[in-house]
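Protein chains in written order, with this note's numbering: chain U, 1 to 434; chain W, 1 to 434; chain D, 1 to 434; chain Z, 1 to 434.
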């Protein structure tokens, strides 16, 4: 368990008491406001596909979570607006019906200003309750869960608004002030031998552990690693260019059957946001020149898998990834770095260990999102959080340039379906050792 | 032609010269702003179905029309923003490609404020040109067409935002200050014998005629009327209640084959905006009690046709309707009356002639929207205005509570497809005479 | 009415008494068997699209009609197999539920042999009843209707199996012994002036008239013809080649809006059964060289309309067509001629009148399929025959190479939706006279 | 590896030499004919859904495999009919394009009789080559693979025709002579403790191993088992009745998110072939009374998973299942037993070990179909056999009443997508040990 504690060390004071929790609450809640600040009320209502949500909805839903599961758990609580419960519930069947997901973009009312007032009101009530010391352990746990939930939506707010702005033929930028550092020369890809044999992965079950982890990360358990090696860094734009130039998108035998069908049906010719000739890509800073040495991003599982097959390699398993990452501090290009785009690895990275495991791009693994041995869902409505999605999804690891740094850890399991590519998703190669 | 001239009499000064045209331009353009005034920028971006458009799009597209076909027709014209051409063209294939219609709701940029600035800029350039006397006859005709085009979009702005607000579970009102007069007692439905034999319908071709009409209203031509009678007034909510109570929506033999399929597929149980028990309906003023004596509204062609069959009657032909209307002044409940909803006929309506032909509800006819004998489209891109929609559509007549009074006339042919019901569409019965 | 009687003259003895009706019954029923004879049981079950039906279904459904509406009308009738009622009803909602149309191709049971036995059994019972003189006037009328109904399905059997065989990559022929006469040189297209002013069209209502016509052909009524001319013959393959070569399928402004959308969505480049380079076409005799002088066939309404616009002409109205045809005998290339494909007009066709009006190809008109003034549906379940399809369909006139000669007449109104092209549908040009 | 050899012991002579292979070839090929014998040519063309294929297609495609990969591998081979290659290829992109899968039901030509002649011709050529000793080791391996391929299609032939016949409202039986033994009393479900810790699963790679296994079953490798127990027998109809009676299909929290969506969309109320009141089910012998003690069958993964959650248990992993099965002989209710339906366990089954692991119903596991560590696909076109389907599928184990006994073994991995339920799929419960 040592390695997990190290991973969590990036936010050491966070969970040590009620005051710290109140401070953490204020900090996380403030970031959502900051992320939405560049957006007009019009921007904040756009829903460009059923899988994405309007920014306003993210701001409201994360607030509803605290109202529903924390404030509302107390008898006699008067909701800010009872009608909003229906609008801002997302998938908790056990707490009632909900507004259809693909229709979130139709909600011009409540207005963005009202949603921000809703945030203020809930935050004020939370602050009062913190001050009064109202929250027992169970409630403090729910608040902690709610903050991690909100951090997930912070990343989605960014990826969803990126897709929405890209859907506009004007290709407007989310922000015009984003810098984009570049490296002059590529870092050579090296193969790093991984451990072999029985190892432990996963997190001890929270809240018993005292260290937050989602239910699906637990229990900590033993698993077997085969002889293997991991690439020292993620696949770069330049390398992905080679795949395309070699006819990658036209060669059926490189693809999973479902992936090939998708390529044909959607006419895919490159990563989601690349322009037709692969020179420029859409970023949160608008259309930019591709950096050849930066990690390739916005790939589906199908593309990641096809690339790996083309390269004579494979994707890592989540256990291989986690074991390699568990010994490393959570450092990398996260949302706090304010690039909001993957960047090329700094020159002179330490040799002998995989790097850029954290931040930049979520790395697709070959592991499906399934229950660990002995998995237990959270009790009650919060049990709907993870387990019911354990079907048809692959695990991604490590966080991205849009992830809050203190949200991620070695055991963190993100998951999306194979065709999804609007997340900051890339890949790292693995291979079997001789 | 006498009757047509009378019909046009409601706007006598409008077409008499350049000054009058400039005044008319200012007046029509101002109403679009007035209609959009109750809407927030968020309201103005919502697109609740592919057939509807956001209010902002209506405001921009009608402005684009003047920029494209009037200002832009002059050599060297510098467009307000060249990229917007792609965004705000609607269906003029001959002037270039366009943004996909179902994706208009994704355009958070340009912002509503920018679109309003666009309107101001184009209006200023138009005003200058009017003052300079820049416009020759051909341009004045295009301006006239553009104003009628904008009036069409004014009605669509209202019906589209009504659908958008209704799609919101909160059922917010477009305006809270709309009054809704009611009559204490119903008006008896009477049958009025129509003319028989050869009559003339249609409008003399504009611009030659000096009196505006769309190309599809021309040429004026002779047609034959069979012996028939028209109902004195439109069908009321109360009468439509009887149809429902009698199992109208459950009786296959009352329906066209395609209509019955639609009823099954969509689960229709009543007019579009009625609540489940038929007591209340959604209006631009929010949810209101149904007025039993007001004309039933928001019916598809299928429902209008099924009701008529149930009533042992039929829908009128457009020729029957026009001939009856041609002798009457254009009076009724129009957008200027500011009810924005059909109202019951005033008690003591004159006997002996059909009334409420104009205003309140568009009346479905049994006539498909096809070319009159000798029909000629306008030349050039403007020829795409009407003719290419002459397939799969039925004609509606008379205007509605959302139509500008000086936009409609006896010969006016509105058209929608049989399943459409988000327009202010109702019906008047007709029957064959013995 | 004189002209209609002439048109009917092709089958003079048919309706003069019970014996003649029995003979007509035997003759029509026998032809269905003949048409199905080249098909294996496997061929006879294929349904290549929801709009088409398997041959076996046609054979069974037409038999069911006599069992349901004639034999079954008598008290105590024991059906051949009660379960089959559900299978072989097609659209008569008022006589009960039915097997879903798109699933007709799943019915391997009853076997073709059983369906043929069913035909034999019903025919035997009908023959007995004919001999006993069981049928009163009302029943004789139902039998007459049933025979015309069966003739409609004979044509559909041919067009449906043509589509089914074409859907097979082997492109097998329905029959290998079909001859295909060709003309050495084209016939010049001439314009023939049509009548102008009030004329009568339609058929006197059957059965009162003594002359069979479907309800939708009645009543006979006056209508107005504008000054116009009709082409002397249908448009030829060679002329349609010119349209394609001139970019017809790539020019949006030639098309109805819905037609252009269809062309884009389906990737249409030529008539339904043409190969890619327009040299060969699929026929009931297999793949054959196109005859440049034969009428072009298997066009949708959209294509017919676009061709006419490209040619500077228009489609005829159904009244124009009928008035021109009413004075002519029903002669042409019908199913009895056993070409089962349109053929070029014989050289030296009489000048001064349109020819090939009957047979070869159904001619699209610009008229939608709607009720004539005073139209009355047949009473009871048979009333579902025509009226409920009066929405979204265009009228075609004149019969085709797959139509039984005694099935068609000047007043006959066939109808299909605008995208349909698997019927033997072509076009004749019309134009307004100066 | 001992256990695997035992599992294979059911067919000891099969792989011992060329003669034995020729005999095995004749035997497997003959069974396909036997299975198709009860079907008419009409039955054999029906395709009731895109995932299913007509029987005729199975008969042809399995033959094509030998022609393409065995006979056709020799220079100068003249194919039986070159056009058929396009028709009967299924998913081998690397050997050329293929006929669209959902359109297999349109192929009335070649006729069933021709396909049977094709089988005869290929079998004759194969027999000649066997006699001549033409086949080297590589070819003998391809033949072996082809026979296992054909056995897979034998099972699909049965499940596909079952679905096709059920789709017919007449609900005809595939055979009327199938017996259906029943047990008077239920067998109590017991929990059997499984092994714990590191074990070996999988098969040594064929052909090196000398023992046939598909590529996806290899390599044999170590894995970790958690403490767990397996149910002594599969879940019965009676137990599944309890789930339904307890509101299983109406309780969202029992279901995976995608499963719940499927239940809602399809209106599922019970297993695929159950009638509405759960008293009878469709079998290959027609509609029959449900046997309460027989294993429940025709479940999707979603239903199996929901049942397990409702029962407070879980599905086994494939490793748990395989380790339990590896020590047992391959005995059970297979296709040779000629029930073609699961039957209740014989009374007095040996205690202390799970039984009915083989035969009766394929058992859904919680394992997704992914590559074992070190997995290698077969080289060339045959490499498309398994690997490209490793996405979105769950593993099923043990074979069914429609599986040939010598086709299955402990390491055998069948796979289907979560909504599939037309296979003979059921479940066995598992649970974590304390």
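From the three backbone atoms N, C-alpha and C, an ideal C-beta is built for every residue, glycine too.
Cβ contact annotation for residue 173 of chain W (same chain, cutoff 6 angstroms, sequence separation greater than five): 285, 286, in chain order.
For the region 63–89 of chain U, the beta-carbon criterion of a distance under 7 angstroms to any beta-carbon of chain W is satisfied by 83, 86, 87.
Going by beta carbons, residue 418 of chain Z and residue 249 of chain Z fall outside the 8 angstroms limit.
Using a CB distance cut-off of 8 angstroms, residue 176 of chain W does not count as an interface residue toward chain U. For residue 224 of chain U, the closest Cβ of chain Z is nearer than 8 angstroms.
Close to chain D, meaning a Cβ-Cβ distance shorter than 8 angstroms, are the following residues of the region 104–128 of chain Z: 105, 106, 107, 108, 109, 110, 111, 112.
At a cut-off of 8 angstroms between C-beta atoms, residue 48 of chain Z counts as an interface residue with respect to chain D. Exposure of residue 188 of chain W is indicated by the presence of fewer than 16 other C-beta atoms within 10 angstroms of its C-beta.
Taking a contact as a CB-CB distance under 8 angstroms, the pair residue 58 of chain Z and residue 156 of chain Z counts as one, their CB atoms being some 6 angstroms apart. A residue is called buried when at least 16 other Cβ atoms come within 10 angstroms of its Cβ; residue 160 of chain U meets this threshold and is buried. Within the model, the alpha-carbon separation for residue 305 of chain D versus residue 396 of chain D is close to 13 angstroms. The continuous alpha helix (DSSP H) containing residue 57 of chain U extends over residues 55–69. The bridge partners DSSP lists for residue 282 of chain W are W:287. At a cut-off of 8 angstroms between C-beta atoms, residue 158 of chain D does not count as an interface residue with respect to chain Z. Sixteen is the threshold: when 16 or more other Cβ atoms of the shown chains lie within 10 Å of the Cβ of residue 43 of chain U, as they do, the residue is buried. A distance below 8 angstroms separates the beta carbons of residue 223 of chain W and residue 224 of chain D. Within the model, the alpha-carbon separation for residue 235 of chain Z versus residue 215 of chain Z is close to 30 angstroms.
Under the 10 Å beta carbon count, residue 34 of chain Z is surrounded by fewer than 16 other beta carbons and is classified as exposed.
Closest by C-alpha distance to residue 317 of chain D, out of D:383, D:227, D:210, is D:227.
In the DSSP assignment, residue 414 of chain D falls outside any alpha helix (DSSP H) and lies within the beta strand (DSSP E) extending over 414–416.
Comparing alpha carbon positions, the residue from W:390, W:358, W:94 closest to residue 411 of chain W is W:358. Using beta-carbon distances, residue 431 of chain U does not count as an interface residue toward chain Z, since no partner is under 8 angstroms. Nearest Cα to residue 74 of chain Z within the set Z:129, Z:245, Z:113, Z:186: Z:129. Annotation: the continuous beta strand (DSSP E) that includes residue 394 of chain Z extends over 394–397. The beta-carbon of residue 366 of chain D is placed less than 8 angstroms from the nearest beta-carbon of chain W. At a Cβ-Cβ threshold of 8 angstroms, residue 426 of chain D and residue 192 of chain D do not count as neighbours. Of all residues in the region 174–206 of chain U, only 198 come within less than 8 angstroms of chain Z when Cβ atoms are compared, listed by chain position. For residue 197 of chain U, the uninterrupted beta strand (DSSP E) run begins and ends at 197–201, by DSSP. Below 8 angstroms, enough C-beta pairs join the region 354–373 of chain Z and the region 229–244 of chain Z to call them touching: three or more.
Residue-level contact check: residue 97 of chain D does not touch chain W, since none of the beta carbons of chain W fall below 8 angstroms from its beta carbon.
In the three-state reduction of the DSSP assignment, residue 32 of chain Z falls in the helix class, which pools H, G and I.
Spanning the alpha carbons of residue 289 of chain U and residue 41 of chain U requires a straight line of approximately 29 angstroms. Ranked by Cα distance from residue 272 of chain Z, the options Z:167, Z:298, Z:261, Z:259 are led by Z:298. Rounded to the nearest whole angstrom, the C-alpha separation of residue 319 of chain U and residue 366 of chain U is 10 angstroms.
At a cut-off of 8 angstroms between beta-carbon atoms, residue 38 of chain D makes no contact with chain Z. Inclusion of residue 296 of chain D and residue 240 of chain D in the CB contact set at 8 angstroms is warranted, their separation being smaller than that value.
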